[in-house]
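Counting in our numbering, the sequence shown runs without a single skipped number right up to 1036 at its last residue.
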Amino acid sequence: MAKRVMDYSLSLAADDELVIEEKANPYIDDAIMAGLYTRQEDTGDTFLRLFANPFQGQIQINAFWASLALSLALSAALTLLFSLLRPRHNLVYAPRTKYADSTHSLPPMSSGLFGWIKPVWNAKEELLVEKLGLDAVVFLRFTRMLRNIFIVLGVLGLGIMIPVNVTTGVSAIRDKSNVFAIMTPLYTFGSGLWAQVVVAYAINIVVVYFLWHNYRRVYALRRQWFNSSNYQGSLSSRSVMIRHIPPKMRGEEGILRITDEVNPTGQLPIPIALRNVKDIPELIERHEEDVRKLESILAKYLKYPDRLPARRPMMKPPRSYKGPTTGGKVDAIDYYRRHIEILEQNINGMRQNIDSKDVMPYGFASWDHIAQAHAVAYNARKKSPKGAKIRLAPRPNDIIWKNMPLSKGQLRRKSFRNGIWVTLLTIAWTPLNAGLAVFLSNLSNLGALWPSFQRELQRNKTFWSIVQGIAAPAITSTVYLLLPVIFRRLQIRAGDVTKTARERHVLRNLFNFFIVNNLLIFSLFSALWQYITAVINDSNSGVWEALQHGDFFLTVTTQLCQSISAFWVNWILQRNLGACVDIAQLWTLFYQWFAKTFLAPTPRQYIEWTAPASFEYAAYYNYFLFYTAVSLCFSTLQPIILVCTAFYFVIDSVLKKYLLMYVFVTKTESGGHIWRTLINRIIFSCILADIIIGVTVTARGEWMMVYALVPLLFFMLGFKWYCVRTFDAGMDYYSRDLNHANESVNSEPSAKSVNRAAAKFHHPVLDKRLMTPMVPAKARHIVSQIYAGRLSSEVDMDQPAFSEIPMQPLKQGAEPPQNQQFEAVPEGQQDYAFYKNRSDFGNVGADRLSRYDMITSRPGTPASFGTKGIQSPYNTTPYTSRPASPANVTRKEVASGTHPALRTQHSRYSSLTQLDDNNDDADISLSMHPSHGPYTDPNDDRANLLHGVGDIRSPNGEFMDMDRWRTPGPTQSEQPGSYDYFRRHGGLR
């Protein structure tokens, strides 16, 4: 056995002349190193050698050009396929164009092969803010920023780093050196490494410039968003959320006392204390699950209504079931029918028995003007009045209600446990990832350790070659698809109270996971293992001498330059294929075809498939940030990666723009609040890149070069401090100027704001409409024979005994009638266009601010109170000045909704407490209709014209409704004198 298994081919003579020994470099070619062994390897030696470079099968440099050609060819083919299919499948490739109203309609596309390019290219940011929302615009701006950064850095890499690396290492270059090694600093030592320091400064300056430029632009967009009609007209924008309220302070009066400690405006808010809804959310969730299961069973059983199966569907009941069984099974239809009936009874019984004294440890406080609420939130940002926490109120569909009651101690414990789980998940994936790379990507390695498997491998080469080509990519892709789902559930368990905060934390965890496993562990694993192996095999030296002989920094940089950098270049180039797969929507096409052909989808599934899908911001942001981190870290080790990354962002900036314009929607709008999280990760990536450059110059240069890099760390941290001081507060708060807030107090409030006292925040489950099972209309005549029981959309529900919790009246017309057992859906109406206004499809499609930003306020009360001169989105259309028609709200309802302790304290309540309590039916006309959001249609109430006339059937007996003759799509704005001008609540007044 050789005295030292590891020996270096690179060394420096006394005059700094680079000397190359005739021995093979063990870091460059592991196969040559294996030949140095003079004895037969045993299983342990084989395992050690394989794990010394676990990814060697993935980083074959000779396959680079073939891989590049294949990636580009497939990307071009997928883009061409998309261009061919797009005009013929608008439901898949442009669903937004079908459902958007006139306010949110997008530029039309021609039916030509490349007719989609011009409208995407010409769409400006000002238009997209109005049409798509600020989250989508911030995503596109972030993509363009990365594109511009890497275009400039690519020029620096081609113009400075590659020429320096080639010229300084020319004396060491042999004919056998490959093109990737020549472009790296593998052969560069001494003064030539000053170029690394210079380029490091250039990279940091370029990145900081583009961050600063785009930070200013996003700041301006946020300020414009604060002044938009949507934000000005929303109730949440002028409200604060109060959590961790002490037990003695829980109630309306306690909320007033808490806000009084941090209220610089002198204006009393409207306090809203929420009551305990107990198990209603869990019961409704179980109800929806059971309805979907019942729909699935009925869809399979009624797939061919004229040829029903001989036996009804059976199922094995849960252990809690105590009823009779047949062979251990029960009738599935009857079981779910009874279970749903019981759930409905429990839900409505609990709704009517809410305890008025069981107050939750959280609540809301609302002011007349946005400036007042924001001034209070800004003043309370670092305070805890009475131990409570005050922040700006999130939008109602953004709240994770089940985490709202958590105490500070519970949050700390949950956060600690969540950190442990995330850490364990990150650590556990490291050996699994290496194992996949060593064995599953190259099954011959597994055969080298397992002789019996090696014989099986030789007998069935074709089968195992297919497994080898599919298994590792499939497992890795599945894990990466599941990671966002796993992290979301962990964050909910950790106590996040809003979905937007959850998405920011998911992005943080994904980024950490990718950096640790896919960058640091992947890139350093081979070098560290070889270093450890060299130290172990240097048996003739002491421990300290063996550590010195190993030369850690030189080992790491040599491995990074020679093989790892080539892999990352190849990997970045292949990302273009992933971008083209996204726009081709292959998975969507395949899944829907497979489900329609081989499965039995329910009508609800058909409807949900036609709705625009939600854009996964956290996942895509993580990918972009990870590409950025990899490229910056290898910017001087392999400068060509900068050009490859620039090419990727040039392509993807166009493709993602199309997807956001025509395919995807924003599920929960945050107003671009994730921007600060993105900037922090890019700053971290720059610092990590500076550290890697420092390691490079430490191994091959002088300590003076390392000292010269230290100021860059303070430069990046100083830039972060500058952004916090200059931009962050203005991006979070509409107004921090207390004088401005006080001026708004002296202005004369509108009558609508005076009557706002009747608007109440409450948990949405209190008036959420229960789902009705959907069946195909062609099986309507069969269902009544096989199905019995009441499954209407809602049990008749009175107001609960505690009248301070107002309930939404259950609308008729758009919703299914109350007394029907099931809802028959004609095949021609299994389309989201006919159900986009339905409450049971409220979680499908876009974030409709105008519909849900009342935090389920009581109908018959104003949902928001816009600033004078600003069109409120709660009018029927954005183009009419006519106020919405009032709903019926009785005087007694309003007066009883006022807490007795506040009737004498709040001047705004005086006019309400003096109302006649005996006149229950008096209409004081306080309400406005919610406006129509991006996917709502003001013509939906026309269905009410025929409400109550009975069953309408076609000649063939098929059930019909008025939606059959209404074409989905944009509608005309309401004009005075038109039908819409006079219609309200089912007819003319």
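Glycine is no exception: its CB is placed at the ideal position from the N, C-alpha and C atoms.
Which listed residue (the options) has its alpha carbon closest to that of residue i
i: phenylalanine 731; options: Leu258, Arg133, Tyr234 and Ile198; result: Leu258
i: serine 570; options: Asn492, Pro311, Gly204 and Thr602; result: Thr602
i: isoleucine 721; options: Trp750, Ile687, Ala666 and Phe711; result: Ala666
i: lysine 455; options: Tyr653, Gly542, Gln876 and Leu132; result: Gly542
i: proline 42; options: Lys363, Ile726, Ile331 and Ala755; result: Lying outside 48 to 1036, the shown extent of the chain, residue 42 is not represented and no answer is given.
i: lysine 404; options: Gly482, Thr547, Glu299 and Leu355; result: Glu299
i: proline 365; options: Ala379, Asp353 and Leu355; result: Ala379
i: asparagine 277; options: Ile319, Val265 and Lys178; result: Lys178
i: lysine 429; options: Pro166, Val309 and Met208; result: Val309
i: asparagine 444; options: Ala123, Ser717 and Lys825; result: Ser717
i: alanine 123; options: Pro823, Asp699 and Arg827; result: Asp699
i: isoleucine 739; options: Lys171, Ala247 and Gly239; result: Ala247
i: alanine 475; options: Phe486, Val514 and Val526; result: Val526
i: tryptophan 241; options: Pro823, Val753 and Gly875; result: Val753
i: histidine 809; options: Thr580, Leu268, Trp618 and Arg398; result: Arg398
Classification of residue i by the beta-carbon crowding that lies within 10 angstroms, buried from 16 upward
i: phenylalanine 463; result: exposed
i: tryptophan 615; result: buried
i: asparagine 669; result: buried
i: threonine 470; result: exposed
i: asparagine 274; result: exposed
i: proline 441; result: buried
i: lysine 815; result: buried
i: arginine 358; result: exposed
i: threonine 819; result: buried
i: leucine 125; result: buried
i: threonine 745; result: buried
i: glycine 370; result: exposed
i: glycine 206; result: exposed
i: proline 210; result: exposed
i: threonine 773; result: exposed
i: proline 1051; result: Here the chain comprises residues numbered 48 to 1036, so residue 1051 is not present and cannot be evaluated.
i: tryptophan 750; result: exposed
i: glycine 997; result: Note on glycine 997: pLDDT 43, under 50, position unreliable in the model; the coordinate value appears next. With fewer than 16 Cβ atoms within 10 Å of its Cβ, glycine 997 is classed as exposed.
i: serine 413; result: buried
i: aspartate 629; result: buried
Beta-carbon spacing of residue i, residue j below 9 angstroms
i: proline 155; j: threonine 144; result: yes
i: phenylalanine 888; j: glutamate 655; result: yes
i: threonine 477; j: asparagine 556; result: no
i: proline 294; j: proline 408; result: yes
i: threonine 724; j: isoleucine 196; result: no
i: valine 184; j: glycine 719; result: yes
i: leucine 187; j: leucine 175; result: yes
i: glycine 180; j: leucine 689; result: no
i: isoleucine 387; j: aspartate 307; result: no
i: phenylalanine 662; j: threonine 743; result: no
i: glutamine 639; j: tyrosine 140; result: no
i: glutamine 314; j: aspartate 182; result: no
i: methionine 763; j: aspartate 737; result: yes
i: alanine 693; j: lysine 883; result: no
i: isoleucine 562; j: leucine 735; result: yes
i: cysteine 608; j: proline 311; result: no
i: glutamate 503; j: threonine 715; result: no
i: isoleucine 539; j: asparagine 450; result: yes
i: serine 678; j: leucine 200; result: yes
i: leucine 321; j: phenylalanine 411; result: yes
For the segment 390-401 and the segment 307-327, state whether three or more C-beta atom pairs, one from each stretch, are separated by less than 8 angstroms. The answer is yes - the segment 307-327 touches the segment 390-401, with three or more Cβ pairs under 8 angstroms.
Please determine if the segment 645-663 and the segment 339-347 are in contact, where contact requires at least 3 C-beta pairs separated by less than 8 angstroms. In short, these stretches touch, since the Cβ pair count reaches three.
Can you check the segment 674-719 for any alpha helix (DSSP H) of at least 4 residues that lies completely inside it and give the ranges in chain order? Runs of the alpha helix (DSSP H) inside the segment 674-719: 687-705.
Threshold first: 4 residues or longer. Then list the alpha helix (DSSP H) segments lying entirely within the segment 382-454, N to C. You should have 417-426.
Spell out a yes or no on whether the segment 533-553 and the segment 485-501 are touching, meaning 3 or more CB-CB pairs, one atom from each, closer than 8 angstroms. Not touching, per the Cβ criterion.
Is the segment 282-294 close to the segment 428-440, with three or more CB pairs under 8 angstroms? By the Cβ criterion, the segment 282-294 is in contact with the segment 428-440, since at least three pairs of Cβ atoms, one from each stretch, lie closer than 8 angstroms.
For the segment 749-769 against the segment 696-704, do three or more pairs of beta-carbon atoms, one drawn from each stretch, fall closer than 8 angstroms, so that the two count as touching? Because the criterion of three Cβ pairs below 8 angstroms is not met, the segment 749-769 and the segment 696-704 do not touch.
Complete alpha helix (DSSP H) runs within the segment 622-647 (minimum length 4 residues, chain order): Here the runs fully enclosed are 633-645.
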